[in-house]
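Protein chains in written order, with our numbering: chain E, 58 to 335; chain A, 58 to 335; chain Z, 58 to 335; chain H, 58 to 335; chain S, 58 to 335; chain X, 58 to 335. Don't be surprised by glycine CBs; every beta carbon is placed ideally from N, CA and C. Note that the coordinates shown come from a computational prediction; the quantities given were computed from them, not determined experimentally.
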């Protein structure tokens, strides 16, 4: 860990939101590219075409508790995953909240490992087109198709609720049943869906939960997804603290004019605003 | 008809879904290109970026009743249309169900001609931005602007219900009235729309029923259309057997990064799943 | 003013809808380009890929009260703005209704100046992602970020209702309160929203009110916006006369395959149909 | 003609270069859109991404003889063509040189009509993929496929030399022979090609002379064309005065990220620099 | 083989050029999609944006010896390859010349097998970025990375000359030496390169021989390639009969606005013109 | 500096080529985005669509002296620049050669500062559309418009030769004269241009030296540039050791389908091959 990062983490005050880039795509199955996402998201976030005012009224431009820690320098798995866990652990020790920018979805596992140390009864809310519950995929148990299998095996969270799922093969169906995952499929989702969490929530947001019309810049486009507004409304219905989040699977090489980076930047704003609102 | 195709049809067992490509765009009025659609749809369907698991749980990858007959080799109208009718007739004689991949919308007429022989009280459900009821268009009565006029004139179906219509000029309005077409315009469509069919349904899906945000790869973009999910939900509300379908008017040359091919592939999966679910 | 334009205005009969292009982008803050919008909108409107039939049944192709005055030739501010006001005033003196095609949003101020002379109790309905209420922006009080501050300061309208707002910083929040602007934010908007106007309405439509999935061709993309259909439905709920409108902020250089021009053309059709329906 | 334009022309000093936009595409055969070109070219020219320094050392930013007259307001043919001729005549009467921005290629005919009055022994240098020598096209003798037939019939120029031609059907071949057009086809063009003009040259530059790799934003893409640098080098080999020019057939709706507008802006700079260099 | 195809082949007169689509991409290593190429090429060829006049003066629109046989219906390898060989053999038996439209590069092997029966001393001219000389690739000896290894092993041609090569690993280098392939790499190619063939030539044109600026629509983009004009000039320097050709590896899903299809259509025109010119 | 990076540098053996990413764009004047370039270049380099075989025969896949050090973690200027200089100094101390991946062009100055310590008579070869010789730009002397002014002021190199320049305003012209920069403008460049360096060369390659047809993904597109092959040929004419290089100004957000990343990856291969060839 660089001295700069150590200092930045040390400077976090309680209740801060700490943005952290995780430029990692070595666990991707179909096509790489997600490692390039963090600078695209930051560029959209800070573009003069927009501003940092959130819908609930917070202006992140003047909010000193909104901090960007930069990107982690990640070398090789599994060391990379340990480094992620260790770094997130330090952030949480400062009583700050993490907003991680992937990278592919495999990073959620090491993040949640750290969260489990600080939040013994964590609820995991997962937006995605796919359940990512494979026991192993193409020979790897750390693939971006597997993180939620690892998390559930290790009992890192109290509940896992998946929203937006619209392609689930028999193996993943069996895994979901085995682990007691609560799946709210696109087919069954209603706008008035109410989350009944009774404790803190960590949100893992795979951009392919969105319909490809809203988020073309992903590796695995599956039509029939959510609109950006539907996602914001669902998240707005949470009645418990949001203590951490990740936004993953932006693949800039498959994006159209950075449209998906704009969506990710919107999520950064709205999730940060929500996390600051204690 | 090639021996290969004859054999493939002969091998269909009752209750199968038979995918058949119809690379035809000689009846297009504005711009050609729809003839190139079938390989784009198949590529999206079989891409390693996705899988063949359907929302209702069927996995087409292991479903032996899901068959692809390849593309028909079509030469010139009207022989091409007769060849389509004859081929579909053979498929239906095997008690299989057709899922045709256009091509432009003119192919629906010869398909429904075959269906009328096997389903005397067929209901025709038609998703489209346009009614395609022209008596003739630019000198042709077989144009892709005319198929539903031909179908109604010949009394091939019991009812024709059109969904998603959002541009209808006086001539087409008059044709709709003349033929007793039931038009559910976009303006009047509600999410809870209930179809009251009392017998088997054939679904003709023009991709421009979708908003251009979801399906940019069409010849005739008309803003204000359906989302992919809205379509899937409406189709999910059918309470009668779905005995056949076509997905038409994908124009790959006007598509953006094959986004519309991805939507078409999604429809192939979900319509097949619905047709297999007897 | 050219003789041609004078003649065209003189030929307007009462109840006409007069389309007027305003190729102006010198008041844009982030990036120019909106000046190129009018020919792109006209091209989409008259493309053989579509037609001029509106959803309520009017066919503009045969409607002699639907007139296109062409583009104003605009030189430099503030003379350009005075010229806009003067031209619109002439149109309104003919008892016609204006449908202006921007250009950037700064043109709404000089248009509404003219409307205020003819409609003393005008209601202003404003679709936008941003409130555009800055007192001044980057040194200009005529910036496209300021028109509604000017309009409210001068008391040109009775009420200002803003729909689709989803980024509002403290300064603009203060301005909204100061001027009594009624803000219906995206966060709070419901499909059944009912406008309670009791007199004539002028509609100013910034295309970035739409989600970037529907309207990518704008300078300031803000995710989480309206769909085209949601906009059409909201406008369809107006129960008072629509006496004028503008469609602004199309930036063709940022568009994808003219998709946003197609949306703008759809709005031209539906707003014209609404204005003709007296 | 507006007073503004009259004044601007009146202010031209001898030796000036006057840029004039001609937003005209009603003479296009395949697809319209060229009318939207002038604002795209101006945007590329004045973008902060570039500057106005020319390769020969002139900086147009500080060159007071470089003037932009704005766009002509064009209504209907043939009046539009007469208005073009009249306006260009006024510019030439000021001893200024015209740099016209199309619009489609049909505008060259009315421009050259004006030039013929001032330059009795004019040479016409024409860059294009096509000879545009049709006697008539789709019923029009003023089509963008015909301007050079009109020019030659009326004897408006001394010589016509065409460069970059790579598709010429028998009719156009016959026309070329009939009129004594000197065709330097792509097939025969060598980098060292030397123009042997003995008097002033007017250059008509159709952007489809360039290979579609360099200029995708044209209606009629024909592979195998010139590179931008090859064009600049050929023009640089002219040893006689360049007294006027047009840059035509940019179709922004078919462009990719305004790449062709960037090429057109480069030509504006280099042709202006050449015309100023007396 | 369909009766239609049999008849079409039977109707070929000596000296004809027969276009034949081969929609095949099951031998592609990286990404599929080339099977969709033939309709994209035909669409560009017959688009009203262009015409069928060739640079040497032939107008294919009125040339009755220019025939399109349509696409072969290809099922599975190796039967597909045998069917290609058999069909090409029939074409050659009519003393016609083949112009095949791929499909991926694997189709060249079965084509040349047929040619070898009719042209015992054939020269094979191969434009490509890659030598495609792998002994096997990813487990297949019929991969699109292998056709020229198969051709040389079986001694089907007298000489193999490769042009445009710019990435050759040690294995392929060894194969080239083993088979006596004459490689004219991009690094060494000069515009004046002279082919010294002493007998008939078959030309296999992989579109990735072109620089990605000219042909983005290919699976394997390798920068530093030929321009379209350089290719046309090199082919124009052939001084022996061109008796057949293929144009392969267009991948429409990776194309930009069909730009590569436009290049392929240009090659169809110019190669046909050359083959007709006996 | 992380321990990982220290170790990686410590492991470099003499004669290695060390790739180093510099994700920096805070010195960009017009638009940011170049910081996202390194992962896009690496993705193109390692894509299964290509391979690591270089044109001179070296296969980087099996060349152990080809090393990737990853990206530097850069915080704020001027500390970032000192960190770059220090890191490069360490690489050079290992007798290795640097291949830096920008980032914007401002990074060349701190790199060359390190080189000057090790190569007292260094020649700097600079490919660019712009001379980047501003004394200061928009208030910054470290802008990406200024690096070569800094380098020349401090006498860090013996000679500076600039190739591809095609826009040079009077200020930069004066700077070039003041510093004795040798400018080979596009206007004057001939394919046979011969570099007369008599000692080691460092190459700084701004991708906008290429024509936008070849490299659209740059902030400052200036038409009329080099082709990729022309660049490779010019570099191939160097007759002295190439001891270091940078490839800068790739802006992925402005790229088309990563085409420019493919060019950058090609340059990585060919420059590495050249640097390994001692």
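What does a CB cutoff of less than 8 angstroms around residue i pick up in its chain, not counting 5 residues either side in sequence?
{"i": "residue 191 of chain S", "result": "200, 202, 203, 206, 228, 229 and 232"}
{"i": "residue 318 of chain Z", "result": "94, 97, 98, 100, 101, 274, 307, 309 and 312"}
{"i": "residue 122 of chain A", "result": "70, 72, 73, 74 and 333"}
In terms of DSSP beta bridges, what is residue i paired with?
{"i": "residue 123 of chain E", "result": "E:74"}
{"i": "residue 184 of chain E", "result": "E:220 and E:262"}
{"i": "residue 110 of chain Z", "result": "Z:116"}
Could you check how far apart the C-beta atoms of residue i and residue j are, in whole angstroms? I think they sit under 8 angstroms.
{"i": "residue 221 of chain H", "j": "residue 285 of chain S", "result": "Actually they do not touch by this definition, with Cβ atoms about 13 angstroms apart."}
{"i": "residue 154 of chain A", "j": "residue 272 of chain A", "result": "So it is not a contact: roughly 24 angstroms between Cβ atoms."}
{"i": "residue 72 of chain S", "j": "residue 82 of chain S", "result": "Wrong, their Cβ atoms sit about 32 angstroms apart, outside the cutoff."}
{"i": "residue 80 of chain S", "j": "residue 65 of chain S", "result": "Going by Cβ atoms, the distance from residue 80 of chain S to residue 65 of chain S rounds to 17 angstroms, so no, they are not a contact pair."}
{"i": "residue 225 of chain H", "j": "residue 188 of chain H", "result": "6 angstroms"}
{"i": "residue 194 of chain X", "j": "residue 266 of chain X", "result": "Residue 194 of chain X to residue 266 of chain X, Cβ: 19 angstroms. No contact."}
{"i": "residue 270 of chain X", "j": "residue 270 of chain S", "result": "4 angstroms"}
Taking 8 angstroms as the CB-CB limit, is residue i close to chain Z?
{"i": "residue 97 of chain H", "result": "yes"}
{"i": "residue 310 of chain H", "result": "yes"}
Consult DSSP for residue i and reduce its assignment to one of helix, strand or coil.
{"i": "residue 138 of chain X", "result": "helix"}
{"i": "residue 191 of chain X", "result": "coil"}
{"i": "residue 211 of chain Z", "result": "coil"}
{"i": "residue 116 of chain E", "result": "strand"}
{"i": "residue 301 of chain S", "result": "strand"}
{"i": "residue 270 of chain S", "result": "coil"}
{"i": "residue 154 of chain Z", "result": "strand"}
{"i": "residue 200 of chain Z", "result": "coil"}
{"i": "residue 239 of chain A", "result": "strand"}
Using a Cβ-Cβ distance cut-off of 8 angstroms, determine whether residue i contacts chain S.
{"i": "residue 183 of chain H", "result": "no"}
{"i": "residue 280 of chain H", "result": "yes"}
{"i": "residue 273 of chain H", "result": "yes"}
{"i": "residue 93 of chain A", "result": "yes"}
{"i": "residue 142 of chain X", "result": "no"}
Residues in its own chain within less than 6 angstroms of residue i by CB, not counting five upstream and five downstream?
{"i": "residue 31 of chain S", "result": "Any answer about residue 31 of chain S is impossible in this case: the structure gives chain S only from 58 up to 335."}
{"i": "residue 261 of chain X", "result": "165, 183 and 303"}
{"i": "residue 145 of chain H", "result": "155, 168 and 171"}
So, for residue i: in the same chain, excluding its five sequence neighbours on each side, which residues have a beta-carbon less than 7 angstroms away from its beta-carbon?
{"i": "residue 301 of chain E", "result": "154, 155, 172 and 259"}
{"i": "residue 160 of chain A", "result": "79, 80, 81, 82, 91, 92, 94 and 305"}
Measure from the C-beta of residue i to each C-beta in chain H and report whether the shortest distance is under 8 angstroms.
{"i": "residue 314 of chain X", "result": "no"}
{"i": "residue 130 of chain Z", "result": "yes"}
Verify the CB distance criterion: does residue i have a CB-CB separation below 8 angstroms to chain C?
{"i": "residue 133 of chain H", "result": "Protein chains E, A, Z, H, S and X are contained in the structure displayed, whereas chain C is not."}
Within 8 angstroms (strictly less), CB to CB, does residue i reach chain E?
{"i": "residue 89 of chain X", "result": "yes"}
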